[in-house]
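4 protein chains.
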Amino acid sequence: MPEVLAERYRRVRQLTDSLSRPLATEDMVVQSMPSASPTKWHLAHTTWFFETFVLDRGLAGYEVFNPAFGFLFNSYYNAVGPQHARPQRGVLSRPTVEEVRGYRQHVDEAMERLLTAEVSAELGRVIELGINHEQQHQELLLTDIKHAFASNPLRPAYRPGEATGDGVATAPDWIEHDAGVCRIGHEIEAFAFDNETPGHRVFLEPFALADRLVTCGEYLAFVEDGGYRQADLWLSAGWDVVQQSEWQAPLYWERGDGDWKLMTLAGMRPLSPSEPVCHVSLYEADAYARWAGARLPTEFEWEAAAAGLATRGNFVESGRYHPSVAQVSREKTPSQLFGDVWEWTGSPYRPYPGYEPPAGALGEYNGKFMSNQFVLRGGSCATSEAHIRATYRNFFPPDARWQFSGIRLARDLAGARS
Amino acid sequence: MPEVLAERYRRVRQLTDSLSRPLATEDMVVQSMPSASPTKWHLAHTTWFFETFVLDRGLAGYEVFNPAFGFLFNSYYNAVGPQHARPQRGVLSRPTVEEVRGYRQHVDEAMERLLTAEVSAELGRVIELGINHEQQHQELLLTDIKHAFASNPLRPAYRPGEATGDGVATAPDWIEHDAGVCRIGHEIEAFAFDNETPGHRVFLEPFALADRLVTCGEYLAFVEDGGYRQADLWLSAGWDVVQQSEWQAPLYWERGDGDWKLMTLAGMRPLSPSEPVCHVSLYEADAYARWAGARLPTEFEWEAAAAGLATRGNFVESGRYHPSVAQVSREKTPSQLFGDVWEWTGSPYRPYPGYEPPAGALGEYNGKFMSNQFVLRGGSCATSEAHIRATYRNFFPPDARWQFSGIRLARDLAGARS
Amino acid sequence: MPEVLAERYRRVRQLTDSLSRPLATEDMVVQSMPSASPTKWHLAHTTWFFETFVLDRGLAGYEVFNPAFGFLFNSYYNAVGPQHARPQRGVLSRPTVEEVRGYRQHVDEAMERLLTAEVSAELGRVIELGINHEQQHQELLLTDIKHAFASNPLRPAYRPGEATGDGVATAPDWIEHDAGVCRIGHEIEAFAFDNETPGHRVFLEPFALADRLVTCGEYLAFVEDGGYRQADLWLSAGWDVVQQSEWQAPLYWERGDGDWKLMTLAGMRPLSPSEPVCHVSLYEADAYARWAGARLPTEFEWEAAAAGLATRGNFVESGRYHPSVAQVSREKTPSQLFGDVWEWTGSPYRPYPGYEPPAGALGEYNGKFMSNQFVLRGGSCATSEAHIRATYRNFFPPDARWQFSGIRLARDLAGARS
Amino acid sequence: MPEVLAERYRRVRQLTDSLSRPLATEDMVVQSMPSASPTKWHLAHTTWFFETFVLDRGLAGYEVFNPAFGFLFNSYYNAVGPQHARPQRGVLSRPTVEEVRGYRQHVDEAMERLLTAEVSAELGRVIELGINHEQQHQELLLTDIKHAFASNPLRPAYRPGEATGDGVATAPDWIEHDAGVCRIGHEIEAFAFDNETPGHRVFLEPFALADRLVTCGEYLAFVEDGGYRQADLWLSAGWDVVQQSEWQAPLYWERGDGDWKLMTLAGMRPLSPSEPVCHVSLYEADAYARWAGARLPTEFEWEAAAAGLATRGNFVESGRYHPSVAQVSREKTPSQLFGDVWEWTGSPYRPYPGYEPPAGALGEYNGKFMSNQFVLRGGSCATSEAHIRATYRNFFPPDARWQFSGIRLARDLAGARS
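Right, dumping it as structure tokens:
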């Protein structure tokens, strides 16, 4: 196993580096909002994670690269120690990008030493966690730099552009599910986050799930119908945000002279009606669903529908960093369930029955965030293919929009309840 | 039915009046925080509810008392029209208390006229809703004036004091429940809020529920053990509040010279260890449960445990307006499940499968608040006995503390999951 | 002297009472913004002033009415002790208005006992200060209740209405002043505030002062010319306020269907073009002056122009509580220099050379506010006639608008500078 | 003259470049608070100034480097157009440092072309203004990067360290000035800012000015005497800031284990008692003066004392970027009046009698800031020697501390007033 693990470690670390390569040094420093982080910080924090939770505990004689980094690059692990204030990450010009690359190299070399030997099962699990942790930060690296670039009036591009896919999306179909008890959560040997466990039973009333994602074209009809001006379509907390933040469309939509444009990682592009709508908040997803006479699926409905399907799709490996045109489903299975856009569910993020966070600092990884957030499922165009699975629970506050987050509709099947 | 309804209408209206009688005119004007309202506003808003949703639609020739009141006393019904800003309710010295009493009389007289005749089933349901609505505001009237009095360094008393109950609470027992599908929600003819419907099935893994409430004495041990200074006991969002608001104990606890005192509606009193702890937020309830090696019940577990039990307890009718000493349970049923204190559950407030809010403005009553809140169950010492039932879902944001909100523990039953 | 002082004490106390008489109990409780105070608080604070600084020190055997009032009704005297937070004054329903009246009576009776005997010169000066202090709060009582009433959609009236004066204001004339050294400040025996001393010399370059106040009609031309939309007319800090607060006209101006209306202490009234403009901030006064090709006078220019003139005018004693129609000046002296509206000067509020605040808590009366404020001169329609004089320095922050504050223009006389 | 002007232009531009050379690319991007700017922004904004006010108007055929820069690098000239929000300057990773250097080169080359020919007197004055403008930004570049480095837990150094000067400061002496009229303001041919004009007369009552600056040792005695905990020493607005911002010492002072350290542009250093105290706000300067039984000089007293003295001192040219040890005065003239630290005066920043800002956008340079600021005099260790003069008026809000701002005391001479 170590060899395989070592290989996976290397690959993940290399992907992080290669994702940062198109950026200028200046790009890696900026923090465009409190919940985003500079690229440089992502590079260092993922490294700190291995240093703190693996090397410092598991490699005899390991010397910490710079003790001050423990304060600078600890994200939120109170059990490890105090942290540099999150909204102040963009104030740190030092360590420089080059010094951070030196830090990465220092840790990578130590990890190589550690991975030549047999590692304990427990340490192996922590390394596995570190790999998955870095994959999560790869996604944040992309969404954070997209936010920074969109905050710059020059609207820089992260990668060369590409023609928008065209294809017209056909009307969505509903895939029906009967009522019944189903099993939810991770129950096999492979790696999963603690929040996916334990496996347990949930009763689902009959429901139907749309076979494809909501498109920009459909969402535009909502916008043009005055969706952002009708209080009765919105959750009360969402309506407050709409008014205070003056939302009029998804994040990164800009109305030019008549036409809508979209900020992408390839720069500004005309809005394509057949693309899945993206960068909406839970509030917007919920309001759209109400307007459309439907609702969001629960995370359990989503998981039941995804069970047994292959995790294929448009992931970070495609290098497109943008959702693909909404596809027509074949064979009565939902299309684009994995990749493209994270799908908001109507489920608040809460522990499963019997949930136990790990002991120690790593117990802070997931458990303490189980309030004030909603669950998203399925991964996005910025997610690693190896990172996602049907039981995977992502979570963000209901007003967050800077992730690749989209909408799949569900509805109740009436008459079938008892 | 009209007669019965008329009688119930009168009784509820009279209770509101009698709850306001101990207050000085000045007391009825103040608003001590944005989420509280002046007594005067409660008196008027409940009246506006009947005027707007019953008389204006159901009584031929009814003349609105004062058209400006529609703006002043509409709480949050966007479909009815714009509203005076909530945090500015305490700025309104006019209409005076006497004018508001005149408004109440005007509406009561019209309601009497309306209730002499047969009312349609639909109108009857709205009147029923108005009665229940007023009962909810009676509870708010008491909790809001308690907050106002506690904000005044003079710490005035709403009612004459009374010796604290003594009795020592014995160790709690756990009442075990097997796994299985159970029915949740309101499914009978009697009145219930829309958010309690439709009835549906939920699967519960095996769990145990404490047979009594957590006491002040138990909670004090948590406080003295440094519970408010240990990050690892708290949800992340809760820990932020603890630090920003410098929480060190439940709301209304004050540390004097060595001893803890409690602000009550009878003024300041020594803390009684055998009373149920009260005025805690969801965050505190959750942190306490974690410290105690337990967790909060879900709202479904709570409802399953309450099903079939009589709704007896210490309600507003007792005139005590304070929870009674925690009682030892007999016969393996949970004590004080109804009345005394609302019990925080670990369930975010979300719609039941198949939930449909009513059409029109009354659809704003419950549905639009289904995010960023947690469910509380069971009623409190400020709730009307006739108002509560096993399926009743109250909800407040996780940092709210000014309601009579307390804690009942639950825990998973291991080994019995599959 | 004691007799005269006693008589003046009584008269001032009675005026405060009579100013509060038209109010409902509810009106006396509300605080419509942090910088305003409830009527009840003014009634109590002025009483606390005499209790703390006179009776507690000067009357043997005096018993404090209620020790808790020292915390509640201390405004900002840190040397006396801590204070109830200013923005929370509107939360205090107790003591009730009746209890506050009891407090006033208690202190008045003690003052009567004290004033039957000879009082020391020093104590006499403090009583004098207390009288002037209460006159200042009488003015605040009126401006604060005006703000509260204007914040209420019902727009209640404090006193019965009265037809607006008509008379058309003729074009203003400029009264010229030569360059030279002049004496500034209070230098005679009678009472004055410490901030008016010591007398000293100031050099004035030649200037001209308008012989009358700026009218609503003139100010309306500024509004209609887009004055609130042209950045170049405004001080930078003022422009920030205009944009953030969305100012479009003076406080209390409301645009109805075409016509402008004004909130007054007699309720809503049509705007009268010949009245002096009122309820403008320093920023607005300064922007108007720039638009009009003039500037505001310095406080020294104002004082030089006022020296030797009789302090006659429209004061609180007129019972109008509103500025009178702008009068044409006769005999080349400025009209309405005293009364009607406080006149903003371009002078920041700073100490005179050699200024020494009194020792002890009363040193906090004026000295510590000598930053971030501008000086206003001349008194208003809410000022007592006996309270004002040519050397009197009032001061408010440059964005304050709720006082009766208006504009008199000045300009430089060119060519005469050296 | 053009030749001289060209030479001065080149020298100033080169100094800006050389000041930015010790910085890493990353350092030039960060903005550590809303009132500071990134180095990169200073480099571009000073360039934009010449492009907009000189080249665009004065050089035929000049092509703007990048039209978008007009939005990005306009600081506050509303007459030129809208601006990128000031607090968001640190979000701009693009243009990169290299692109900004290209921008500078583009403009420098065009300026060379323009300066080979004769320029009109008016254009010459604007170039002169641009040179002085860039000198002001050189100072901000240093103070802003100092703030950024001090915000970084790594406390980086901008330049290599240097031993602290030692020499013990002797007791200050008072230099007395008689009462009288004196001339204030700029009245000769050479360049000066509009706010220094017109020359005019001011009457000064007799005063004395300290012959040297207040030292860190003296200020430490104030700190240790509880100066930051005594409300009666502070202006009320200053006391609010002390409490809200929890000030306990000047900016950049840090208490280690027992000893005080200082953040400097050479990194952390032990506090030297004989250095002038620096990085204090007006509020602290004022409180210190009160504690010391003195006061701050007015800007007119300062100018009267400085009249005729040579502008020699520790300026940016010394390359020390830190105030020198407080020097004993010889020959009854104040030492270190120029350079080292800006000296807070007790004078709010207001226009001189007869002041007229220039027409057009350049009228926004100084005039619109004439409220809510206090005047500082004399330049600092970050000021160019050629930039300063006795009539120079710098200005900052009373709570600003990140400039090199220090204290010189003054006092009234009693008995001599009339």
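Residue numbers (the working numbering), protein chains in the order written: chain A, 1 to 418; chain B, 419 to 836; chain C, 837 to 1254; chain D, 1255 to 1672. Idealized CB from N, CA, C, for every residue including glycine.
Taking C-beta pairs closer than 7 Å, name the residues in chain F that C:G926 reaches, listed in chain order.
Of the chains in the structure shown, none is chain F; the protein chains are A, B, C and D.
Helix, strand or coil for C:I967 per DSSP?
For C:I967, the three-state secondary structure derived from DSSP is helix.
DSSP on A:F315, reduced to helix/strand/coil?
Three-state result, A:F315: coil.
Note down the Cα distance separating D:K1515 from D:P1524, rounded to an integer number of angstroms.
Cα to Cα, D:K1515 sits roughly 4 Å from D:P1524.
Our contact map puts A:H42 next to A:H137 with C-beta atoms below 8 Å; I'd like the distance itself, whole angstroms only.
Right, their Cβ atoms sit about 5 Å apart.
Identify each residue in the region 1333-1360 of chain D for which the Cβ-Cβ distance to at least one residue of chain A is less than 8 Å, and report them in chain order.
Cβ proximity to chain A below 8 Å picks out H1338, Q1342, G1344, V1345, L1346, S1347, R1348, P1349, T1350 and V1351 from the region 1333-1360 of chain D.
Terminal residues of the beta strand (DSSP E) in which D:H1684 lies
Absent from the model: residue 1684 of chain D. The displayed extent of chain D is 1255 to 1672, so no value can be given.
Taking the alpha-carbon positions, what's the C:R1237 to C:P918 distance?
Answer to the nearest angstrom: the Cα atoms are 29 Å apart.
Excluding five sequence neighbours on each side, which residues of the same chain lie with their C-beta closer than 8 Å to the C-beta of A:T442?
Given a span of 1 to 418 for chain A in the structure shown, any question on residue 442 of chain A remains unanswerable.
Just to confirm, are A:A410 and A:A208 a CB contact at a threshold of 8 Å?
Result yes, Cβ atoms of A:A410 and A:A208 sit closer than 8 Å.
Would you list the residues sitting across from C:P858 in a DSSP beta bridge?
Its beta-bridge partners do not exist; DSSP assigns none.
Just to confirm the assignment, what range does the beta strand (DSSP E) spanning B:W762 have?
B:W762 -> beta strand (DSSP E) spans W760 to P766.
For C:K1168, which residues in the same chain have their Cβ closer than 8 Å to its Cβ, ignoring the five residues on either side in sequence?
Within its own chain, the residues whose Cβ lies closer than 8 Å to the Cβ of C:K1168, once the five positions on either side in sequence are excluded, are D1009, I1011 and D1047, listed in chain order.
Helix, strand or coil: which one does DSSP assign to B:A828?
Three-state DSSP puts B:A828 in a strand.
Taking 7 Å as the cut-off, does the CB of B:G520 come closer than this to any heavy atom belonging to the ligand NAP?
In the structure on display, the ligand NAP does not appear, and there are no ligands present to speak of.
Please state if the CB of D:L1489 and the CB of D:V1595 are separated by a distance shorter than 8 Å.
At least 8 Å separates the beta-carbon of D:V1595 from that of D:L1489.
Can you tell me the Cβ-Cβ gap for C:A1316 and B:S511, rounded? I've got them flagged as a contact below 8 Å.
Because residue 1316 of chain C is not part of the residues shown, which for chain C are 837 to 1254, the question remains open.
Where A:E356 falls: helix, strand or coil (DSSP)
Coil, per DSSP.
Check the Cβ of C:T861 against every Cβ in chain B and list those closer than 7 Å, keeping chain order.
Result: T443 and E444.
Chain-ordered residues of the region 1027-1042 of chain C with a beta carbon less than 7 Å from chain D
Listed by position, the residues of the region 1027-1042 of chain C near chain D (Cβ gap below 7 Å) are P1034, H1036, R1037, V1038, F1039 and E1041.
Pairwise C-alpha distance: A:R159 and A:P22
Distance between the alpha carbons of A:P22 and A:R159: 7 Å.
Less than 8 Å between the C-beta atoms of D:V1258 and D:G1312, yes or no?
Not closer than 8 Å, so no.
Does A:P358 get closer than 8 Å to chain B when you measure Cβ to Cβ?
Judged by the 8 Å Cβ criterion, A:P358 is not in contact with chain B.
Does chain C have any CB closer than 8 Å to the CB of B:N367?
Outside the shown range of chain B (419 to 836) lies residue 367 of chain B, about which nothing can therefore be said.
What are the start and end residues of each continuous beta strand (DSSP E) run of 3 or more residues lying completely inside the region 1046-1098 of chain C, in chain order?
Counting only runs of 3 or more residues that sit fully inside the region 1046-1098 of chain C, the beta strand (DSSP E) segments are 1089-1091, in chain order.
Residues of the region 1396-1408 of chain D with Cβ closer than 7 Å to any Cβ of chain A, in chain order:
The region 1396-1408 of chain D vs chain A, Cβ under 7 Å: A1402, S1405, N1406, P1407 and L1408.
Could you tell me which of B:F489, B:F733 and B:T682 sits nearest to B:E580, measuring between CA atoms?
With distances taken between Cα atoms, B:E580 lies closest to B:T682.
Which word fits B:I545, buried or exposed, when buried means at least 16 other C-beta atoms lie within 10 angstroms of its C-beta?
Sixteen is the threshold: when 16 or more other Cβ atoms of the shown chains lie within 10 Å of the Cβ of B:I545, as they do, the residue is buried.
Where does C:V943 fall in DSSP's three states?
In the three-state reduction of the DSSP assignment, C:V943 falls in the helix class.
Boundaries (first-last residue) of the beta strand (DSSP E) holding D:G1521:
Residues G1521 to P1524.
Kindly list the residues whose CB is nearer than 7 Å to the CB of B:R730, restricted to its own chain and excluding five residues on each side of it in sequence; keep chain order.
Here the set comprises F756.
Straight-line gap, A:W247 to A:A231 (C-alpha atoms, nearest Å)
The alpha-carbon atoms of A:W247 and A:A231 are separated by roughly 13 Å.
Rounded Cβ spacing between D:T1293 and D:S1272 (contact assumed at less than 8 Å)
With a Cβ gap of about 13 Å, D:T1293 and D:S1272 do not count as contacting.
Helix, strand or coil: which one does DSSP assign to A:R94?
Coil, per DSSP.
Could one say the Cβ of C:F907 lies closer than 8 Å to chain B's Cβ atoms, at least one of them?
Judged by the 8 Å Cβ criterion, C:F907 is in contact with chain B.
From B:A568 to D:Q1497, what does the alpha carbon distance come to, in whole angstroms?
Straight-line Cα distance between these residues: approximately 25 Å.
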